[in-house]
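In the numbering used here, the protein residues as written are 4 to 214.
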Ligand code: PMT
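1. Whole beta strand (DSSP E) runs in the stretch 119-199 with 3 or more residues, listed along the chain?
2. Give me whichever residues DSSP pairs with residue 117 in a beta bridge.
3. Measure the alpha-carbon distance for residue 88 versus residue 68 and round it to whole angstroms.
4. Determine the DSSP secondary structure at residue 78, reduced to helix, strand or coil.
5. Which residues in the same chain as residue 160 place their Cβ atom closer than 6 Å to its Cβ, once the five residues preceding and following it in sequence are excluded?
6. If you reduce the DSSP assignment to three classes, tell me which class residue 111 lands in.
7. When burial is assigned at 16 or more other CB atoms within 10 Å of the CB, is residue 112 buried or exposed?
8. If the criterion is Cβ atoms closer than 9 Å, does the pair residue 174 and residue 184 meet it?
9. I want to check one thing, is the minimum distance from the CB of residue 58 to the heavy atoms of ligand 1 below 8 Å?
10. Hey, residue 143 and residue 92: beta-carbon distance below 9 Å or not?
11. Given a cut-off of 9 Å on the beta-carbon distance, is the pair residue 147 and residue 165 in contact?
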């Protein structure tokens, strides 16, 4: 079985030295790629900038922006059986890029932003992906409602929901605590290392296929 996994943050440039991004370390996504290999399957990791080593035996594509991640997923999704989209893709990017470093000449400035492409939302509708689709939901309130909504709206088979307002959960932590949300079945995975949580997610995904 071939898995595609997205991981890490994206960076949306403002000028040659500044960008919009988020606190994703990539650990959860890289742990998923490692878990896929551990279970004896092929893994392709498409990642934004991180300081992590790519797990042994994992195919790897490095990207920076949401647009690049979108195009890499679109290009590679063809031969894939399972897609797990764990990346913290920036939802907005600056409308314009300044070729020169912006000088601090004014007291206030407004940055105009536009939406980035929705990779998860494009998987079924635009890319025609027919394999098993697992999305993530990073919420700070109404965790399960947000996850159920993504499950339905994006055509996912499972959504992994983490409450990122909790310390030790989600962004830049070595542990996580998640809900696996499927149609008619919701299960909590108690706080554990991202490696063990990743293994449970991959095993659950494989059981979806077997079932
Ligand atoms: O990287 P770590 O430090 O280990 O942290 C792990 C994590 C917190 C990043 C991870 O557990 C997680 O929650 N990943 C999803 C983060 C996120 O952006 O969630 P969201 O609720 O905003 O997005 C929902 C889903 O849509 C996600 O599957 C996301 O990859 C996807 N998405 C979002 C925006 C976009 N433009 N395209 C997308 O595909």
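Glycine included, C-beta positions come from ideal geometry on N, C-alpha and C.
Taking the structure as given:
1. Taking 3 residues as the minimum length, the beta strand (DSSP E) runs contained wholly in the stretch 119-199 are 135-142, 161-166, 178-185, 188-196, in order along the chain.
2. Answer by DSSP bridge pairing, in chain order: 96.
3. Between the alpha carbons of residue 88 and residue 68 lies a distance of about 15 Å.
4. DSSP places residue 78 in helix when its eight states are reduced to three.
5. Short of 6 Å from the beta carbon of residue 160, and not among the five residues preceding or following it, lie these beta carbons of its own chain, in chain order: 135, 136, 211.
6. In the three-state scheme derived from DSSP, where H, G and I count as helix and E and B as strand, residue 111 is classed as coil.
7. Exposed, because fewer than 16 other Cβ atoms sit within 10 Å of the Cβ of residue 112.
8. Taking a C-beta distance under 9 Å as the contact criterion, residue 174 and residue 184 do not qualify as a contact pair.
9. Between ligand 1 and residue 58, a heavy atom-to-CB distance of less than 8 Å is absent.
10. No Cβ-Cβ contact shorter than 9 Å links residue 143 with residue 92.
11. 9 Å or more divides the Cβ of residue 147 from the Cβ of residue 165.
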